[in-house]
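Visitor:
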């Protein structure tokens with residue numbers, strides 16, 4: 236049986252460097268997916284991924300024994316991302332426009348993409364159109380399959396706020412997502 | 269069957285499980301009875317099921333995970349590790365590809381001249397329109413702020429991760445005062461491994477520009493991004509402290525930088541330019557124009573283009589007009605603003621680096637020079653200042669006055685005086701003056717405003733006319749006027765003052781009959797007395813002037 240996150244964290248606090256490596260690998264894919272969905276940009280997601288684990292490393296002594304690790308980790312990531320959004324709102328930005336969206340996979344040619352109305356692209360656009368806080372709540376609850384209390388802990392807000400944000404996000408998506416049967 | 273159907277919002281909240289218990293039970297009960305609402309709920313579920321299309325989590329690059337793990341041992345340096353590791357991975361990938369396809373040594377430098385592959389067709393547009401509201405870190409930034417115009421040249425260095433082939437880079441300047449027509453991107457690898465092909469302003473996307481580049485390599489490439497912005501200003505502030513006898517001055521210069529550009533510049537090298545730059549249009553106006561270049565003129569023959577004065581963006585430099593559209597736009601943007609005249613240009617570089625948040629100002633010390641010999645002069649000239657007597661300070665921006673190292677930028681000066689009352693080494697406020705731009709070896713004049721304790725009173729004591737001459741009809745054709753004046757120059761200060769009184773005679777035809785103190789002829793119709801007046805005393809000047817009128821003036 237694999238050790239729990241909390242056990243690994245405790246081991247790392249006691250000097251076991253490999254425990255931290257196990258934690259990073261365990262959460263690399265879901266956390267990267269969370270950040271990528273949140274930012275919509277690979278380079279930014281990579282930066283935040285790196286910063287998140289750097290922050291975890293620098294604050295490992297603040298981690299309280301027995302506290303659930305996952306909400307703590309995602310809380311740090313969400314906090315960094317929120318700071319970045321706030322920071323970027325009034326700044327000129329310079330980013331790479333990836334020709335292959337890592338979430339969407341390989342793209343068709345530009346002409347085909349313009350004509351095909353790719354369902355994935357529409358879903359992605361609908362999610363991207365949400366305000367950052369609603370988007371973060373949606374991704375945590377829906378894609379990361381957190382409970383509402385866990386999401387509230389991650390985002391540093393009340394349970395009621397998380398439910399409200401989730402409700403608003405889904406109401407918006409209900410209007411913006413395409414009709415029809417998913418094939 | 270219930271008459272009132274459930275709202276869409278209620279159905280959404282029911283679906284995601286955020287309804288409280290009574291509402292959930294009521295919704296359950298309604299759905300059990302209402303087929304229409306059940307169908308709507310089913311439709312809603314189908315619609316929301318599209319979210320599953322993005323369910324799968326992507327796998328992060330292995331170098332990224334390795335760098336994150338390395339953060340545990342070197343948390344403070346982790347951010348520097350990532351580019352190295354990613355760069356190493358990219359280099360390894362390139363190496364493998366090159367070895368496999370061309371059997372060429374991967375460590376060998378790239379060919380000296382890279383050409384675009386004939387098979388590499390430029391893409392029409394970026395393949396994905398993902399939201400782009402983030403930015404990679406800015407490694408370095410240099411601000412060159414001009415005080416003569418609302419103009420700042422920003423030069424940034426950024427490390428960008430390129431992939432082999434076509435790359436798009438997007439620049440967004442919403443809510444800032446950046447001039448989009450001035451954007452320039454230059455790869456700094458020095459070997460031509462990255463070629464910047466074009467800068468596109470996409471339609472219906474205000475505040476967005478995209479560069480199309482072809483990269484021959486994968487990995488990180490340093491870039492310089494250069495642009496003009498508005499809203500960053502600097503001005504000089506001076507504090508002048510007179511000695512107790514007002515014979516010397518200590519001058520402290522400061523520079524105040526204010527950032528209202530909408531952009532925050534961290535750890536920036538700040539350079540300040542004193543010089544004259546004439547802009548045809550203000551950067552702030554260009555920053556708000558959409559599209560960036562206005563209506564394209566490129567399709568209009570040169571002979572039919574509007575005159576230069578109507579061009580949207582041009583710099584007047586030494587009498588020449590630079591219009592960027594006449595050149596390749598990627599190359600045309602000058603590396604730095606040229607000055608209008610070499611002698612009128614000076615560059616201050618603030619030592620170290622500063623962070624200037626948006627909306628903030630910062631004052632930095634510039635210089636401090638003591639024991640500057642200074643000349644005090646009070647001036648009375650009713651033509652210019654009415655009855656007031658104005659106070660002036662004079663010195664020069666030269667080595668005789670312990671200055672002359674640099675021009676003095678335009679700025680506001682506050683003048684104080686050191687006094688011994690009520691206690692030793694106290695200061696009194698003497699006034700405020702605007703200092704104009706002073707080149708090296710030029711004179712400085714500070715106007716401190718009206719002086720209350722130094723005055724000039726002018727009284728007409730006697731007046732008569734004589735020497736009448738008549739024409740053939742018996743009408744007066746010429747005459748003389750003789751006026752006697754009394755000027756009282758008063759000094760109620762505790763220090764001697766030098767006072768200059770200018771007297772307007774009103775005609776160029778005059779003669780001094782008598783004068784207790786001889787004046788100097790200032791110009792054709794003005795006399796001037798310059799006197800030292802002792803403390804707490806008055807100096808009285810009497811003067812009789814004869815003026816000639818009509819044919820008496822013509823015959824002189």
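Protein chains in written order, with this note's numbering: chain G, 236 to 418; chain H, 269 to 824. Just so you know, even glycine gets a beta-carbon here, dropped at the ideal spot from N, CA and C. Model, not experiment: these values are computed from the prediction.
Residue 733 (chain H) and residue 753 (chain H): beta carbons closer than 7 Å?
Guide: No; because the gap between Cβ atoms is not below 7 Å, this pair is not in contact.
Visitor: Taking only beta-carbon positions, decide if residue 399 (chain H) is within less than 7 Å of chain G.
Guide: Caution applies to residue 399 (chain H), whose pLDDT of 31 falls short of 50 and renders its modelled position unreliable; the model cannot decide the point.
Visitor: Cα separation between residue 401 (chain G) and residue 477 (chain H)?
Guide: Roughly 34 Å between the two C-alpha positions.
Visitor: Taking contact to mean 3 or more Cβ pairs, one atom from each stretch, closer than 8 Å, check whether the region 518-536 of chain H and the region 648-656 of chain H are in contact.
Guide: The region 518-536 of chain H, when compared against the region 648-656 of chain H, does not touch it at the 8 Å Cβ threshold.
Visitor: Restricting to Cα atoms, I'd like to know which of G:284, G:251, G:355 and G:391 is closest to residue 324 (chain H).
Guide: Comparing Cα positions, the closest option is G:355.
Visitor: By the 10 Å Cβ neighbour count, where 16 or more other Cβ atoms means buried, how is residue 740 (chain H) classified, buried or exposed?
Guide: Looking at its Cβ environment, which holds fewer than 16 other Cβ atoms inside 10 Å, residue 740 (chain H) is exposed.
Visitor: Which residue's Cα is closest to the Cα of residue 671 (chain H): H:505, H:454 and H:641?
Guide: For residue 671 (chain H), the nearest C-alpha among the options comes from H:641.
Visitor: Quick check on residue 430 (chain H): does DSSP put it in helix, strand or coil?
Guide: Residue state, collapsed to three classes: strand.
Visitor: So, using beta-carbon positions, are residue 267 (chain H) and residue 630 (chain H) closer together than 7 Å?
Guide: The first residue shown for chain H is 269 and the last is 824, placing residue 267 (chain H) beyond what the model contains.
Visitor: According to the Cβ coordinates, are residue 495 (chain H) and residue 454 (chain H) closer than 7 Å?
Guide: It is not a contact, given that the beta carbons lie outside the stated cut-off.
Visitor: Please list, in chain order, the chain H residues whose beta carbon lies closer than 7 Å to that of residue 265 (chain G).
Guide: Result: 325.
Visitor: Taking 7 Å as the cut-off, decide whether the C-beta atoms of residue 719 (chain H) and residue 616 (chain H) are in contact.
Guide: Cβ distance not < 7 Å, so residue 719 (chain H) and residue 616 (chain H) don't count as in contact.
Visitor: Counting only Cβ-Cβ distances shorter than 7 Å, please list the residues of the region 414-429 of chain H near chain B, keeping chain order.
Guide: Given the protein chain composition of this structure (G and H), no chain B is represented.
Visitor: Can you give me the start and stop residues for the beta strand (DSSP E) that residue 408 (chain G) sits inside?
Guide: Unbroken run through residue 408 (chain G) is the alpha helix (DSSP H), 394-411; no beta strand (DSSP E).
Visitor: Determine the chain G residues that contact residue 280 (chain H) at a beta-carbon separation under 9 Å, and present them in chain order.
Guide: Going along chain G in sequence order, the residues near residue 280 (chain H) (Cβ under 9 Å) are 402, 405, 406, 408 and 409.
Visitor: Indicate the three-state DSSP secondary structure (helix, strand or coil) for residue 265 (chain G) in the structure shown.
Guide: Three-state DSSP puts residue 265 (chain G) in a helix.
Visitor: Chain G beta carbons: is any one of them nearer than 7 Å to that of residue 288 (chain H)?
Guide: By this cut-off, residue 288 (chain H) is not an interface position.
Visitor: Run through DSSP, which three-state label would residue 495 (chain H) get?
Guide: Strand at residue 495 (chain H).
Visitor: On the CB-based measure, 16 or more other CB atoms within 10 Å of its CB, does residue 737 (chain H) come out buried or exposed?
Guide: Its Cβ having fewer than 16 others within 10 Å, residue 737 (chain H) is exposed.
Visitor: In this structure, does DSSP put residue 284 (chain H) in helix, strand or coil?
Guide: Helix, per DSSP.
Visitor: Which residues in chain G sit within 7 Å of residue 333 (chain H), going by Cβ to Cβ distance?
Guide: Chain G residues near residue 333 (chain H): 259, 260 and 263.
Visitor: Whole angstroms is fine: what's the gap from residue 357 (chain G)'s alpha carbon to residue 315 (chain H)'s?
Guide: Distance between the alpha carbons of residue 357 (chain G) and residue 315 (chain H): 12 Å.
Visitor: Are the region 385-402 of chain G and the region 292-305 of chain H in contact at 8 Å, needing three or more beta carbon pairs?
Guide: The region 385-402 of chain G is not in contact with the region 292-305 of chain H.
Visitor: I'd like the list of long-range same chain contacts for residue 383 (chain G), defined as Cβ closer than 8 Å, with 5 residues on each side in sequence excluded.
Guide: Taken in chain order, the residues that qualify are 376, 394, 397, 398 and 401.
Visitor: Give a yes or no on whether 7 Å exceeds the smallest Cβ distance from residue 273 (chain H) to chain G.
Guide: Not an interface residue.
Visitor: So, is the C-beta of residue 288 (chain G) closer than 7 Å to a C-beta in chain H?
Guide: So, interface residue.
Visitor: Relative to the C-alpha of residue 196 (chain G), which residue among H:328, H:336 and H:310 is closest?
Guide: The structure shown does not extend to residue 196 (chain G), since chain G spans only 236 to 418, so no value can be given for it.
Visitor: Report the option in H:474, H:275, H:783 and H:664 whose CA atom is closest to the CA atom of residue 639 (chain H).
Guide: For residue 639 (chain H), the nearest C-alpha among the options comes from H:664.
Visitor: Measuring CB atoms only, is the region 246-264 of chain G touching the region 300-312 of chain H, in the sense that at least three cross pairs come out at less than 8 Å?
Guide: They do not touch, by the three-pair rule.
Visitor: With DSSP as the reference, identify every bridge partner of residue 319 (chain H), one or two as the case may be.
Guide: Note: residue 319 (chain H) sits in no beta bridge, so no partner.
Visitor: Using the rule of at least 16 other Cβ atoms within 10 Å of the residue's Cβ for burial, across every protein chain shown, is residue 500 (chain H) buried or exposed?
Guide: Its Cβ being crowded by 16 or more others within 10 Å, residue 500 (chain H) is buried.
Visitor: Is the shortest distance between the beta-carbon of residue 621 (chain H) and the beta-carbons of chain G less than 7 Å?
Guide: By this cut-off, residue 621 (chain H) is not an interface position.
Visitor: If you count every other CB in all the chains shown that lies within 10 Å of the CB of residue 420 (chain H), and 16 or more means buried, which is it?
Guide: It counts as buried.
Visitor: So is residue 318 (chain H) in contact with chain G if we call contact Cβ pairs under 7 Å?
Guide: Yes, contact with chain G.
Visitor: Of all Cβ atoms in chain G, is any one closer than 7 Å to the Cβ of residue 336 (chain H)?
Guide: True, the Cβ-Cβ gap to chain G drops below 7 Å.
Visitor: What does residue 277 (chain H) touch in chain G if you count any residue whose Cβ is under 8 Å from its own?
Guide: Going along chain G in sequence order, the residues near residue 277 (chain H) (Cβ under 8 Å) are 402 and 406.
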